[in-house]
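The structure under discussion appears below in the form of structure tokens.
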Amino acid sequence: MLHHLGVRASDFDTSKTFYTEALRPLGYVCFYEADDVAEFGHESQQGPTLSLHAGIATQRLHVAFHAADRDTVDAFYAAALAAGGRDNGAPGARPHYRAYCAFVLDPDGNNIEALIKEPA
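Remember, our numbering sits 28 above the position in the sequence shown when you count from 1.
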């Protein structure tokens with residue numbers, strides 16, 4: 029099982045704001061912050077965490093976060109766009125994934141997804 033994932037950001041402050049706002053609807057909070065690192069985890073303290081670091085940007089990464097329901101996926105998408113993310117797939121049913129999901133590119137172009145698995 030995945031414990032944490034590290035992502036490097038070319039503009040740390042911009043990316044920290046993006047992840048803070050985009051992950052909030054999914055129940056993720058920034059639980060640790062120093063000069064060039066921010067740690068995000070689910071408020072339940074369960075599951076993997078995301079470590080954001082300043083540096084040469086991670087590129088072409090795809091990270092998917094579990095959502096509680098379709099409304100949460102929609103809220104993630106809206107919050108991520110409002111925080112400077114770019115559309116990479118509006119919320120909707122993806123029968124081939126057996127999921128309802130949305131995709132947004134973070135400030136460095138990484139593909140960030142929120143999804144709820146659904147029956148086929």
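All C-beta atoms, glycine included, are put in the ideal place defined by N, C-alpha and C.
Keep in mind the model is a prediction, meaning the values are calculated, not measured.
Buried is the label assigned to Ile140, since at least 16 other Cβ atoms lie within 10 Å of its Cβ.
In the three-state reduction of the DSSP assignment, Glu67 falls in the strand class, which pools E and B.
Taken through DSSP and simplified to helix, strand or coil, Asp115 comes out as strand. Under DSSP, Ala62 forms a beta bridge with Val65.
For Arg98, there is no enclosing beta strand (DSSP E); the residue is found in the alpha helix (DSSP H) stretching over Arg98 to Ala110. Taking the Cα of Val91 as reference, the smallest distance to any Cα among Ala103, Asp39, Gly83 and Pro76 is reached at Pro76. In terms of CA proximity to Asp64, Val35 leads the group Glu71, Gly137 and Val35.
Ranked by Cα distance from Glu146, the first of Cys58, Val101 and Asp39 is Val101. By the neighbour-count criterion, in which a residue is buried when 16 or more other Cβ atoms sit within 10 angstroms of its Cβ, Gly120 is exposed.
Membership of Tyr128 in the beta strand (DSSP E) is indicated by the continuous run Ala127 to Leu133.
Ranked by Cα distance from Ala118, the options Asp99, Glu67 and Phe68 are led by Asp99.
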